[in-house]
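See structure below.
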Amino acid sequence: MEELFMNIANFGFSIVISIYLLVRMEKKIEDLTKSINELNKTIIKIK
2 MEELFMNIAN FGFSIVISIY LLVRMEKKIE DLTKSINELN KTIIKIK
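Mapping to the numbering used here: the sequence shown position 19 is 20, numbers consecutive.
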């Protein structure tokens with residue numbers, strides 16, 4: 002925890018929060034991208 006507080010002090014609260022959220026949401030964004038691509042392929046097959 003001390004390292005986290007040190008990073009907040011050095012880099013700023015907004016940067017640390019942004020990085021944390023990007024790291025947490027990376028897998029979800031990848032899954033959504035895969036789902037959109039599969040949906041696109043399915044729609045093309047239907048046409």
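Built from N, CA and C at the ideal position, the CB exists for glycine as well. All of these numbers come straight from a predicted model, not from anything done at the bench.
- In the three-state scheme derived from DSSP, where H, G and I count as helix and E and B as strand, K48 is classed as coil.
- No residue range can be given for M2, since it is assigned to no alpha helix (DSSP H) and is classified by DSSP as neither H nor E.
- Beta-carbon to beta-carbon, I9 and V17 are separated by about 5 Å, close enough to satisfy the 8 Å threshold.
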